[in-house]
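If you're matching them up, the sequences are chains A and B in order.
Residues 1 to 569, numbered by the working numbering, are exactly what the first sequence covers, in order.
Residues 570 to 653, numbered by the working numbering, are exactly what the second sequence covers, in order.
One structure is given below, encoded as structure tokens.
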Amino acid sequence: MKVLLIGNPNVGKSVLFTRLTGIQVIASNYPGTTVTFKKGFFKLHGEKAEIIDVPGTYSLTPTSEAEEVAVNMLDEGDIFVCVIDATRLERSLPLTLQLLRRKKPMIVVLNIWDETRHKGIHIDVEKLSELLGVPVVTTVAITGEGIRSLVEMLPKAPVPYHEALTESQQWQEIGEIINQVQTVIHRHHTFIEKLQDFSIKPSGGMLVALVVLSISFFVIRFLGEGLIGLLFEPLFEKGYKPLLITFSRYLGGEGMLHEILIGNLINGEIDFIQSFGLISTGIFVPIGMVLPYVLSFYFILGILEDSGYLPRLATLLDLFMHQIGLHGYAIIPTILGIGCNVPGILATRILESRRERFIACTLISIGVPCASLHAMIFGLVGERGVKYVLIVYTVLILVWICLGLIMNLATKGFTPELFIEIPPYRVPVFTVVIKKLWMRIKSFLKEAVPIVLLGVLFVNLLYSLGIFQFLAKLFAPVVNGLMGLPDEAVIALVVGFLRKDVAVGMLAPFNLTNQQLVIACVVLAMFFPCIATFVVMLKELGWKDMLKASAIMLAASVTVGTLINLLWP
Amino acid sequence: MNREINLARMEEGQTGIISRIIGGRTFRLKLESMGIRPGSKVTKVSSLFNRGPVVLHVSGMEVAIGYRMARRILINTQSSERSL
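Structure follows, in structure tokens:
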């Protein structure tokens with residue numbers, strides 16, 4: 001038994017899916033959060049039934065790749081659950097009417113039911129059910145209201161019978177249905193609606209964007225630093241370090257095992273960044289330095305996503321984004337990339353053309369540092385002064401813009417125009433934001449920490465085998481001659497392929513000058529994506545475009561590194 | 570008095586009925602999937618900068634649409650129907 005959740009984008013299908021299966025999936029308040037289908041199982045009268053969260057689509061004649069995925073899946077389904085945003089009934093009816101003619105058992109779900117009351121919308125559910133010829137269930141997926149009646153209703157879903165409609169008949173029928181079941185009580189614009197209009201006008205939009213982005217930035221920094229200062233640093237310095245010291249003494253303070261686990265003692269002491277052992281640096285970098293920023297970033301991102309602000313930012317930036325070969329909606333994958341490049345690259349699927357996806361992926365992997373990299377840049381470069389952090393970011397933003405301008409001119413094809421639905425503002429639900437944060441933290445811990453440990457182990461191994469010393473000599477002309485970095489910096493670049501945070505951490509013992517540190521951080525950020533990003537990019541773009549993207553990365557990072565070296569005052 | 574102008578040239582807050590859409594079947598279907606078709610009532614919310622996207626209200630939702638596409642959507646506006 002296969003149950004399909006089908007509906008327009010951004011009607012809450014993913015939240016419903018989570019409610020039915022208990023499987024956590026990322027849901028947000030903007031169209032296109034789900035780009036591939038998700039499968040799960042739930043109990044239906046003691047039997048195991050499969051349920052599929054289909055990407056949102058506006059009609060059964062697909063206009064984009066994500067919509068095609070949705071339409072192709074219809075034949076597989078045994079029961080259709082057509083999910084509708086109750087506050088936008090009219091909008092959802094074209095798809096509903098098309099689904100009714102597929103001759104499959106079907107149930108209609110009016111989700112976001114609680115908001116109809118605030119909006120003065122009244123829907124006659126019984127009448128609607130009668131007109132459509134299938135049961136209609138009202139739900140509030142976010143709180144779980146109505147889920148039980150939906151599950152009880154599922155096995156009783158009838159196969160509707162409706163005659164085929166021509167296009168004009170379809171619109172006529174929609175008009176009739178709306179007339180018969182929906183009454184909207186006219187009322188004054190609420191504050192949220194006024195804000196909605198204000199933030200999509202040019203001047204108001206710029207003001208709101210400036211306020212939202214600067215507040216986000218400061219809160220992320222404030223929370224990140226607060227977490228480090230109040231929680232993570234005391235935990236590591238007072239709790240973890242004494243344990244490590246005891247362990248180090250037990251191992252005798254030297255030897256092969258000590259080298260791998262604890263690392264080198266710096267002036268007879270364990271240094272969490274410089275010692276470079278598996279359980280010293282290998283644990284400290286992901287947990288003590290990166291995790292606090294991952295936490296604070298994803299907390300703020302979750303609030304931004306659920307508020308419905310991001311599509312407005314996308315519309316506001318559209319004109320600018322066209323200059324770099326993208327349209328406004330590409331800002332969403334880019335912002336996701338600030339957390340981790342992997343979901344950012346995956347999210348480029350919401351862009352329609354191949355050219356756009358290529359440009360967006362390349363720009364994200366070169367010019368958008370992930371949370372791990374941000375944390376390390378704040379940590380290491382920040383010690384030298386805010387000025388240097390600013391230089392790193394200014395350079396990266398300039399690189400992102402310039403490369404975009406160049407790729408826009410050099411890449412064949414054209415960029416389609418923006419065409420998106422702008423969701424209403426919603427006040428994010430705290431528990432939902434926390435749940436989403438927890439999912440993202442879990443996947444960070446599961447995916448990042450093992451690779452960090454592997455990276456640290458790899459570094460120790462290659463050092464003792466003398467491979468790094470060989471590489472350092474080989475690349476000295478570029479690394480030293482052009483970019484003015486010490487020969488050993490090449491090691492950090494190699495490790496950057498595994499994890500960028502480990503790579504930046506490796507720079508610490510080299511005693512770099514401010515200039516060298518800035519160059520090294522910029523080059524590391526641009527140089528090559530980490531292995532996880534590389535793998536998804538390869539999957540999304542294919543070998544040919546990945547080779548092109550890699551060539552652009554190498555050329556751009558060496559050029560920019562050399563330029564900073566030459567232009568440094 | 571009826572006046573036919575394209576969506577890009579409408580004023581902020583102006584309301585009208587879509588009279589024609591200039592373009593092929595694919596283009597029309599794409600617009601239709603979001604409820605933009607001849608006969609729909611639309612209210613323009615804003616134009617973002619010169620030649621930037623146009624934001625409009627149509628069938629109970631807000632849609633942002635590129636400038637060139639907006640120019641191919643023709644609207645019948647009545648001077649009496651103007652509201653701010």
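Think of the CB as a built atom: it goes at the ideal place given N, C-alpha and C, for glycine as much as any other residue.
- Using a Cβ distance threshold of 9 Å, Asp114(A) and Val181(A) do not count as a contacting pair.
- When the beta-carbon positions are compared, Glu259(A) and Gly277(A) come within less than 9 Å of each other.
- Taking 7 Å as the upper bound on Cβ-Cβ separation, chain B lies near residues Tyr58, Ser59, Thr61, Thr63 of the stretch 47–71 of chain A.
- Counted as a single uninterrupted DSSP element, the stretch harbouring Ile451(A) is not any beta strand (DSSP E) but the alpha helix (DSSP H) occupying residues 430–465.
- Within 8 Å of the CB of Arg637(B), the CB atoms of chain A belong to Glu417, in sequence order along the chain.
- Contact between the stretch 545–558 of chain A and the stretch 600–616 of chain B is absent, with fewer than three C-beta pairs closer than 8 Å.
- Interface annotation, Glu601(B): in contact with chain A, CB-CB separation under 9 Å.
- Residue contact check for Met579(B) against chain A: no CB pair falls below 9 Å.
- Taking a C-beta cut-off of 8 Å against chain B, the contacting residues of the stretch 185–209 of chain A are Gln196, Asp197, Ile200, Lys201, Pro202, Gly205, listed in chain order.
- Within chain B, no C-beta atom comes nearer than 8 Å to that of Trp113(A); the closest sits roughly 16 Å away.
- For the C-beta of Ile422(A), the chain B residues within less than 8 Å are, from N- to C-terminus, Val624, Met630, Glu631, Val632, Ala633.
- Take the alpha-carbon of Val632(B) and the one of Ile107(A): they are about 28 Å apart.
- Proximity to Pro486(A) across Leu517(A), Val502(A), Leu457(A), Tyr463(A) peaks at Leu517(A), based on C-alpha coordinates.
- Between the C-alpha atoms of Leu100(A) and His162(A) there is a straight-line separation of about 7 Å.
- Proximity of chain B to Leu316(A) at the Cβ level (cut-off 7 Å) is accounted for by Leu617, in chain order.
- Against chain A, the beta carbon of Val614(B) has neighbours under 8 Å at Asp197, Ile200, Lys201, listed in chain order.
- Taking the CA atoms as reference points, Phe475(A) sits about 7 Å from Val490(A).
- Under the 8 Å Cβ criterion, the stretch 191–201 of chain A does not count as touching the stretch 588–606 of chain B, having fewer than three qualifying pairs.
- Contact annotation for Gly328(A) against chain B: Pro622, Ala633 [CB-CB distance below 8 Å, chain order].
- Your pair Ile338(A) and Phe297(A) checks out as a contact, with CB atoms roughly 7 Å apart and the cut at 8 Å.
- Under the Cβ distance rule, Arg102(A) does not count among the residues neighbouring chain B, no pair being separated by less than 9 Å.
- With a 10 Å radius around the Cβ and a threshold of 16 neighbouring Cβ atoms, Thr183(A) comes out exposed.
- By the beta-carbon neighbour count (other beta carbons within 10 angstroms, threshold 16), Gly367(A) is buried.
- Not a single CB atom of chain A sits nearer than 9 Å to the CB of Leu643(B).
- Residue environment for Phe222(A): exposed (fewer than 16 other C-beta atoms within 10 angstroms of its C-beta).
- For Gly592(B), no Cβ of chain A is located within less than 9 Å of the residue's own Cβ.
- As a beta-bridge residue in DSSP terms, His626(B) pairs with Thr612(B), Glu631(B).
- When secondary structure is reduced to three states using DSSP, Val294(A) falls in the helix class.
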